[in-house]
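Residue numbers (full-length UniProt numbering): 1 to 202. All residues carry an ideal CB built from backbone N, CA and C; glycine is no exception. Here the structure is laid out as structure tokens; the discussion comes afterwards.
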Amino acid sequence: MTPPPAARHRTASEQVGSALLDAAQAVLDREGLSAVSVRAVASEAGVAPMGVYNRFQNKDGLLIALATRAFGALKDAVGTGDPVEDPLGRFREGCRAYRTFALRYPQQYRLMFTGVESLASPSPAAEHGSATLQVLVDTIDVAVQQGILRTEPVQAAQVVWNAIHGAVSLELANLHVTLKRHGFDPAETYDRMLEVLIDGLR
Numbered sequence: 001m002t003p004p005p006a007a008r009h010r011t012a013s014e015q016v017g018s019a020l021l022d023a024a025q026a027v028l029d030r031e032g033l034s035a036v037s038v039r040a041v042a043s044e045a046g047v048a049p050m051g052v053y054n055r056f057q058n059k060d061g062l063l064i065a066l067a068t069r070a071f072g073a074l075k076d077a078v079g080t081g082d083p084v085e086d087p088l089g090r091f092r093e094g095c096r097a098y099r100t101f102a103l104r105y106p107q108q109y110r111l112m113f114t115g116v117e118s119l120a121s122p123s124p125a126a127e128h129g130s131a132t133l134q135v136l137v138d139t140i141d142v143a144v145q146q147g148i149l150r151t152e153p154v155q156a157a158q159v160v161w162n163a164i165h166g167a168v169s170l171e172l173a174n175l176h177v178t179l180k181r182h183g184f185d186p187a188e189t190y191d192r193m194l195e196v197l198i199d200g201l202r
């Protein structure tokens with residue numbers, strides 16, 4: 001059955017938006033945040049700049065949409081595993097997935113936390129950021145309900161996020177040179193930090 005015109009239009013519009021975000025992500029990953037502009041994204045996508053404006057209004061709208069998609073991908077990455085069967089296992093794997101995402105997509109990670117001025121205000125990107133944190137809250141809450149941890153889940157999740165964000169930000173800035181100079185592996189050091197965090201929440 002042929003879909004009604006409105007459905008066809010909506011699908012086409014979503015495809016255009018996705019293609020423009022793909023183009024923006026390509027520019028971001030290849031050249032960095034400073035290179036992302038309406039004109040550069042339009043050129044990458046093979047459309048007129050007005051096509052980007054029609055979809056996202058301006059550069060800020062484009063960046064917010066890009067950050068929103070990145071937060072969605074991060075949420076999916078950290079949300080694997082069964083929190084009921086093995087909450088601490090999910091905690092560890094989720095935190096490791098967080099680091100892996102940041103190191104694999106450093107430009108997107110920087111955009112998510114430093115490249116969007118309106119991220120702290122109500123926006124789709126801010127909502128997705130909160131949803132990512134909620135995965136951690138829920139995991140810790142299950143561990144508390146099972147008597148594995150003794151803490152307040154929301155505050156504990158924020159403490160953990162502060163720690164893992166700080167760790168990966170230092171690594172992205174290549175400030176782990178002292179560790180490497182002394183023969184320490186950043187991944188092993190990160191895992192040790194996770195165990196310290198878990199011990200602190202017991």
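Asked                                                                                              : Found
Rounded distance between the beta-carbons of L136 and A157, thought under 8 Å                      : 4 Å
Where Q57 falls: helix, strand or coil (DSSP)                                                      : coil
Entirely enclosed alpha helix (DSSP H) segments - the stretch 141-189, minimum 4 residues          : 153-172 and 177-181
Closer than 7 Å: A67 CB and nearest the ligand FAD heavy atom                                      : The ligand FAD is not part of this structure, which contains no ligands at all.
Stretch-stretch touch, CB-based, cutoff 8 Å, three pairs: the stretch 40-60 with the stretch 83-92 : no
Buried or exposed (CB count within 10 angstroms, at least 16 for buried), D185                     : exposed
S130 in three-state terms, based on DSSP                                                           : helix
Cβ pair T151, V142 closer than 8 Å                                                                 : no
Through-space distance from D22 to E31, alpha-carbon basis                                         : 14 Å
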